[in-house]
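S.K.: Numbering of the sequence shown is given in my numbering, commencing with residue -2 and proceeding in unit increments. The beta-carbon is built from N, C-alpha and C at its ideal position, and this holds for glycine as well.
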Amino acid sequence: MALYELQDAKLAGVDGQGYVFPVDTFRGKEYRGVFFADDDAAISTDINEGTFEGMIYHKTTKGTGDATVNVTNVVSTAVGNRVDFEVL
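#1: Helix or strand or just coil, what does DSSP make of Asn35?
#2: Across which residues does DSSP place Leu8 in a beta bridge pair?
#3: Helix, strand or coil for Glu2, going by three-state DSSP, please let me know.
#4: Are there 16 or more other CB atoms within 10 angstroms of the CB of Phe23, so buried, or fewer, so exposed?
#5: How many angstroms separate the CA atom of Ala34 from the CA atom of Val71?
#6: If you run the structure through DSSP and keep just helix, strand and coil, what is Val68?
#7: Check each candidate in Ala75, Met52, Val17 and name the one with the smallest Cα separation from Val68.
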């Protein structure tokens, strides 16, 4: 799997585009994600145990699914709010 591509997704009921990807850490493999909310939707770092529905990338495969996530960062960009999160 060379590059990750933004796919249609939902985060805590908000429509947008995003994906989940694996990261190797000292604790082993963990999953993190990125999400771009449509139309400046209100998303904050207060989302604990929210649901992400969309594309989940693994080392060699990908597929749609859902995951429980914790939002770690929200940044306002020209295309909407960018949300970084970790999968619980």
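M.R.: Checking against the coordinates, here is how it stands:
#1: Contrary to the premise, residue 35 reads as Asp rather than Asn in this sequence. Helix.
#2: Val11, Phe49
#3: coil
#4: exposed
#5: 10 Å
#6: strand
#7: Val17
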